[in-house]
Ligand SMILES: [Mg+2]
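The structure is reproduced here in C-alpha cells:
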C-alpha cells in the first residue's frame, strides 16, 4: 500500500506577489497578460476569485468582472526560485518526487520512517516549513494513490490538508463527481451525462467491457478510478540529475594541499560544462568526491545554488579529513533540478 502526498501551492504566483508586497494582500490581484493585449489570467488570489475571476480567463473579462483587479506581469525568475526551494524541502522527505508544475508535486513517502511513517504528519511539517521558509501556503492531499491524493489536496484549500486513508477510499469515491477524475473534461462529462453518469458510483454500475466499448482506453481507466484504484507510480524525472568532472591522477596526491591545488582547474571545467546546460537546470547542491589510494571513496555535498571555489575547497578539506591518506581521484560536481518541463509549463500557463 502506497502513501502518496500531493502538494499544491495556493494561488502560487499571486501568493508570491502578495508576499513580496504586503500592500497587495487585501486587494484583488492576478498574474497574467495585460487586458489591452489580449492577455489571459494565469493565477489570481482569493480576493479576486470572489468576483468570479479565475485562471485561463481573458484578462479583459476579468477586468470587467472586477474593475479594481490589479494585473501583474509575473516574475518568472522569482517563481522559479521559490519553486526550487519548495522542491528542496520535498526532497528532505523522499527522493520520489514527481513535479507536475512549478508549484505542484507528487511525493511517495511509503518508505519514509519520519514521524513513524505518518504521511499526515509529514505533510503537516512540509506545509509548515514552506510557510516559514518561503512565506506562502500550500495545501496537501494524502491518499493511497496519485489520483486520490490530487483530489484530496483540493478538498481543504487554501492552507489545508485532507487525508483519505485506505479504509475510507470506497466511501470517498462513491460521492465523487466524475469531473474530479483526471482526464474527464467538459466533453467527456457531457458524454457520461448522456448515460446518466454523474458520480463515480454511477460509473461503478457499468462493466469494464461496456465502458471500454463506449470510451476506448479511457473506459478501463474510468472503471478503475471510479473504484479508487490507480496503480501509477510516482515517477522521478529520468533526465540527468547531476553533472561532474573528475580526474584520476597518475601519481597519487600525497596531501591536502596538493588536492587543493587541483581544484581551480576542476572547478573551471565544471563551470564550462555547466554553462552549456544551465538554462535547463537549477543548481541545488555542490559536491566533492575523493577516491583514496586504498580504493575507498567518499563524497561530501552541500546545498548551494552556484559553483564557488571557496565552497569546493571547504568540501574537499572535509572529505580529505575522513581518511587522511593519498588521493587517486578527485571530482567536483553539482546536483540540480530539471527546469525544462517547468518552464514549458510555466510559459504555457502564463503566456498562452
Ligand atoms: Mg497550485
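In this note's numbering, the protein residues as written are 6 to 357.
No residue lacks a Cβ here, since even glycine has one placed at the ideal position from N, Cα and C.
Measuring alpha carbon to alpha carbon, tell me which residue in the options is nearest residue i.
i, options, result
"residue 337", "331, 329 and 319", "319"
"residue 26", "173, 223, 75 and 246", "75"
"residue 271", "306, 313, 241 and 184", "313"
"residue 39", "29, 103, 78 and 267", "78"
"residue 43", "22, 66, 341 and 325", "66"
"residue 269", "18, 251, 108 and 178", "251"
"residue 125", "88, 279, 165 and 106", "165"
"residue 136", "323, 122 and 87", "87"
"residue 133", "261, 91 and 234", "91"
"residue 267", "293, 159 and 19", "293"
"residue 45", "6, 241 and 58", "58"
"residue 14", "159, 52 and 307", "159"
"residue 151", "7, 85, 197 and 323", "7"
"residue 335", "52, 264, 64 and 106", "264"
"residue 210", "322, 138 and 179", "179"
"residue 55", "32, 61, 41 and 47", "32"
"residue 194", "172, 224 and 171", "224"
"residue 367", "300, 73, 275 and 41", "In the structure displayed, the chain extends from 6 to 357; residue 367 sits before or after that span and is not available."
"residue 138", "288, 24 and 282", "24"
"residue 322", "278, 260 and 217", "260"
"residue 253", "316, 104, 295 and 109", "295"
"residue 255", "298, 12 and 36", "298"
"residue 30", "37, 19 and 122", "19"
"residue 363", "161, 273 and 218", "With the chain represented from 6 up to 357, any question about residue 363 goes unanswered, as that position is not in the structure."
"residue 154", "120, 173, 11 and 289", "11"
"residue 234", "123, 220, 281 and 169", "169"
"residue 324", "301, 212 and 206", "301"
Helix, strand or coil, according to DSSP, for residue i in the structure here?
i, result
"residue 208", "helix"
"residue 8", "coil"
"residue 16", "coil"
"residue 290", "strand"
"residue 256", "strand"
"residue 199", "helix"
"residue 159", "coil"
"residue 71", "coil"
"residue 101", "coil"
"residue 249", "strand"
"residue 110", "strand"
"residue 76", "strand"
"residue 301", "coil"
"residue 261", "helix"
"residue 37", "strand"
"residue 60", "coil"
"residue 127", "helix"
"residue 183", "helix"
"residue 45", "strand"
"residue 22", "helix"
"residue 137", "helix"
"residue 267", "helix"
"residue 55", "coil"
"residue 323", "helix"
"residue 329", "coil"
"residue 233", "coil"
"residue 66", "helix"
"residue 282", "helix"
"residue 122", "helix"
"residue 226", "helix"
Measure the beta-carbon distance from residue i to residue j and round it to whole angstroms, keeping in mind my assumption that it falls under 8 Å.
i, j, result
"residue 176", "residue 147", "Residue 176 to residue 147, Cβ: 16 Å. No contact."
"residue 202", "residue 230", "The Cβ separation is near 13 Å, so there is no contact."
"residue 114", "residue 96", "So it is not a contact: roughly 12 Å between Cβ atoms."
"residue 239", "residue 94", "In fact, because the Cβ distance is near 16 Å, the residues do not count as touching under 8 Å."
"residue 21", "residue 143", "Incorrect: roughly 12 Å between the Cβ atoms, too far for contact."
"residue 304", "residue 327", "About 10 Å separates the two Cβ atoms, so there is no contact after all."
"residue 227", "residue 332", "Contact doesn't hold; Cβ gap of about 60 Å is too wide."
"residue 248", "residue 339", "6 Å"
"residue 53", "residue 34", "6 Å"
"residue 28", "residue 37", "About 20 Å; that fails the 8 Å criterion."
"residue 208", "residue 183", "7 Å"
Who are residue i's beta bridge partners in DSSP?
i, result
"residue 217", "According to DSSP, residue 217 bridges with nothing at all."
"residue 3", "Nothing about residue 3 can be reported from this structure: the residues present for the chain run from 6 to 357 only."
"residue 307", "291"
"residue 334", "253 and 296"
"residue 146", "11 and 167"
List in chain order the residues whose CB is within less than 6 Å of at least one heavy atom of ligand 1.
13, 14, 17, 108 and 109
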